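Below is one structure, written out as structure tokens; the observations come after it.
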DNA sequence: TGTCTCGGAATGAACGTTCATTCCGTTTTG
DNA sequence: CAAAACGGAATGAACGTTCATTCCGAGACA
């Protein structure tokens, strides 16, 4: 029993240390030896938990993805109006990144990296599927525009990454006010507009 | 004279080959020796044109950034209405990426990489400054919302990257129709809305 | 209880490979 | 022919991975 607990703890320790170092130095700036050193374990030990460096990255990628989705659905009320639910998901996500900038840097650094396997990519898709379903629901019920899924993702996720990352780069704090307005703009981008209504305004 | 021409040609050759390989294999999947081999030159020759591998990447990053901006301002008419100019810039940019997916992959793979120097980052800012000024103009004249610059960039650039990249990943063609609608949605995200006007509609 | 045995977890030095960079003989240029 | 450009073998540092060995804690035994 205790063995199992220790195993899990050590695996987590390795993952945490890897995240820390990778987000600072990137893939080829963080040798296994450094990860081992910072984790206070032997280099060989890492290979008891992960087949190789690549797998370590892939596992970490999936792990973080999972945490993000979990955070997004905190205080999410299935019964609330669509726009309200949109707001909760969006704000939760950007707040997760605000609180965990290392995760943002890691994810964005590795999203398009060639050593992230196709298996990881499809697993990643599976993890975010609740969000995709949320968008499909919005399209079907005409809460949001009838756009391809990827367009919608781009309109909604793009701003989150850029806002947090640019503020990080320039040592600025991402303010609640910024977030409030950005969320509204994102909603404007995707919310359903009857074209005829638009004409009437003019 | 010819020296200069040849110099430029070989430098370009190296940069082109590097882009080709890097976008496929990533930084640590493309050794200098491979770049040299594919370019049909000696490995040492590369060091006549670039101090080291890092500089090579940084120069390429800047170079591509420049090409993108150049493409954006093709057929741009300073005298046209704001929304029209927005459309031209946006469509030009996404079309550049559609035509040059390797550039997209390269830029996005290295945007947050630690070996892209702060010098490169600020130079990059300088290059895109016309676009930033365009946004500032829009804010001042109330064509677009009064949002922080980075929020605006996120709202506009995020979708471009994601749409092209996701379609690439899934071996789909990015259609003109998709682009047409995505541009409209982006505009909806940033266009100025008088709040009172919105109230009246309801 | 104290001692012995055993198995798997952990270790880190060693290995083989890879790779950026250098160096120098050769070729090209003007 | 002098000087610059070039090629690619040589170099040495760095790295991922392996593996013989040590360590440790849990039973077995008396």
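Protein chains in written order, with my numbering: chain G, 1 to 202; chain P, 1 to 202.
Just so you know, even glycine gets a beta-carbon here, dropped at the ideal spot from N, CA and C.
These figures come from a predicted structure and were not determined experimentally.
**Prompt:** Using a C-beta cutoff of 8 Å, does residue 26 of chain G count as contacting chain P?
**Reply:** Yes, its Cβ sits closer than 8 Å to a Cβ of chain P.
**Message:** Looking at residue 101 of chain G: is its Cβ nearer than 8 Å to the Cβ of residue 168 of chain G?
**Reply:** Taking C-beta atoms as the reference points, residue 101 of chain G and residue 168 of chain G count as a pair closer than 8 Å.
**Item:** Interface partners of residue 109 of chain G on chain P, CB under 8 Å
**Value:** 112, 113
**Asked** For chain G, is any of its Cβ atoms less than 8 Å away from the one on residue 150 of chain P?
**Response** yes
**Message:** Please classify residue 106 of chain G as buried or exposed, where buried requires at least 16 other C-beta atoms within 10 Å of its C-beta.
**Reply:** buried
**Asked** In chain order, which continuous runs of the alpha helix (DSSP H) of length 4 or greater are located wholly inside the segment 143-185 of chain P?
**Response** Taken in chain order, the complete alpha helix (DSSP H) segments of 4 or more residues contained in the segment 143-185 of chain P are 149-169.
**Sheet register partners of residue 53 of chain P (DSSP bridge)** = Beta-bridge partners of residue 53 of chain P (DSSP): none assigned.
**Asked** Could one say the Cβ of residue 186 of chain G lies closer than 8 Å to chain P's Cβ atoms, at least one of them?
**Response** yes
**Prompt:** Can you round the beta-carbon distance between residue 114 of chain G and residue 26 of chain P to whole angstroms, since I take them to be within the 8 Å contact cut?
**Reply:** 4 Å
**Prompt:** Cα separation between residue 157 of chain P and residue 182 of chain P?
**Reply:** About 11 Å.
**Prompt:** Going straight from the alpha carbon of residue 203 of chain G to that of residue 29 of chain G, what length do you get?
**Reply:** Here chain G has residues from 1 to 202 only, and residue 203 of chain G is not among them.
**Asked** Helix, strand or coil: which one does DSSP assign to residue 191 of chain P?
**Response** strand
**Segments of 3+ residues assigned as beta strand (DSSP E) that fall wholly inside the segment 71-145 of chain P** = none
**Item:** Contacts of residue 159 of chain P in chain G (Cβ-Cβ under 7 Å)
**Value:** 151, 154, 155, 158
**Asked** What's the call for residue 146 of chain G, buried or exposed, on a 16-neighbour Cβ count within 10 Å?
**Response** exposed
**Exposed unless 16 or more other CB atoms sit within 10 angstroms - verdict on residue 165 of chain G** = Buried, because 16 or more other Cβ atoms sit within 10 Å of the Cβ of residue 165 of chain G.
**Item:** Close beta carbons around residue 73 of chain P, own chain, < 8 Å, minus the five adjacent residues each side
**Value:** 89, 92, 130
**Message:** Quick check: residue 148 of chain G and residue 178 of chain P, are their CB atoms within less than 8 Å of each other?
**Reply:** yes
**Asked** Taking the alpha helix (DSSP H) that residue 41 of chain G falls in, what are its first and last residues?
**Response** Where residue 41 of chain G is concerned, there is no enclosing alpha helix (DSSP H), given that its DSSP letter is neither H nor E.
**Request:** Could you list which residues in chain P have their beta carbon closer than 8 Å to that of residue 140 of chain G, in chain order?
**Result:** Residues of chain P passing the Cβ test: none, with the nearest at roughly 17 Å.
**Request:** For residue 145 of chain P, return the contacting residues in chain G, with the cut-off set at a CB-CB distance below 8 Å.
**Result:** Those are 181, 185, listed as they occur along chain G.
**Prompt:** Skipping 5 residues on each side, what residues in its chain have a beta carbon closer than 6 Å to that of residue 142 of chain P?
**Reply:** 192
**Prompt:** How long is the line joining the alpha carbons of residue 60 of chain G and residue 97 of chain G, rounded to whole angstroms?
**Reply:** The C-alpha of residue 97 of chain G is placed about 16 Å away from the C-alpha of residue 60 of chain G.
**Message:** Give me the chain G residues within the contact set of residue 58 of chain P, using Cβ-Cβ distance strictly less than 9 Å, ordered along the chain.
**Reply:** Those within 9 Å of residue 58 of chain P in chain G number zero; the least Cβ separation is about 14 Å.
**Prompt:** Where does residue 17 of chain P fall in DSSP's three states?
**Reply:** helix
**Message:** Helix, strand or coil for residue 9 of chain G? Go by DSSP, reduced to three states.
**Reply:** helix
**Item:** Coarse secondary structure for residue 29 of chain P, derived from DSSP in three states
**Value:** helix
**Message:** Any beta carbon of chain G sitting closer than 8 Å to that of residue 120 of chain P?
**Reply:** no
**Request:** Return yes when the C-beta of residue 60 of chain G is under 7 Å from any heavy atom of the ligand SAH, and no when it is not.
**Result:** Ligands are entirely absent from the displayed structure, and the ligand SAH is therefore not among its contents.
**Prompt:** Is there a Cβ from chain P that is less than 8 Å from the Cβ of residue 53 of chain G?
**Reply:** no
**Prompt:** Which word fits residue 209 of chain P, buried or exposed, when buried means at least 16 other C-beta atoms lie within 10 angstroms of its C-beta?
**Reply:** The shown model of chain P, from 1 to 202, leaves out residue 209 of chain P, and the question about it has no answer.
**Prompt:** Going straight from the alpha carbon of residue 41 of chain G to that of residue 10 of chain G, what length do you get?
**Reply:** 9 Å
**Item:** 9 Å Cβ cut-off: residues of chain P touching residue 92 of chain G
**Value:** Within 9 Å Cβ-Cβ: nothing; residue 92 of chain G doesn't reach chain P, min ~17 Å.
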